[in-house]
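Numbering (the working numbering), first residue to last: 4 to 90.
No residue lacks a Cβ here, since even glycine has one placed at the ideal position from N, Cα and C.
Below is one structure, written out as structure tokens, with a few remarks after it.
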């Protein structure tokens, strides 16, 4: 899902525990010191933020395919994943 979103919606992923997960790519940012997470007030993962013009306009916590598709405008996300999994 993350790689798909990086290609289709300009995703940036901030990794908190392991700088190599998800697989190292130009859209993955090491946040193991949690500075960005604290700044964005992230309380659970995954949390998906929609940023427009540098400002947060929407967010959702946990995996909810319908919500992620609505927030990103990208259809058919994670077809092999369960439709819902709390964060």
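1. Shortest alpha-carbon distance to residue 71 belongs to which of 30, 41, 36 and 86?
2. Looking only at C-alpha atoms, which of 61, 47, 56 and 59 sits nearest to residue 19?
3. Beta-carbon separation of residue 13 and residue 50 under 8 Å?
4. Go through its chain and collect everything with a Cβ distance to residue 37's Cβ below 7 Å, but skip five positions before and after it.
5. Would you tell me roughly how many angstroms separate the C-alpha atoms of residue 34 and residue 59, rounded to the nearest one?
Judging by the given coordinates:
1. 86
2. 47
3. no
4. 19
5. 18 Å
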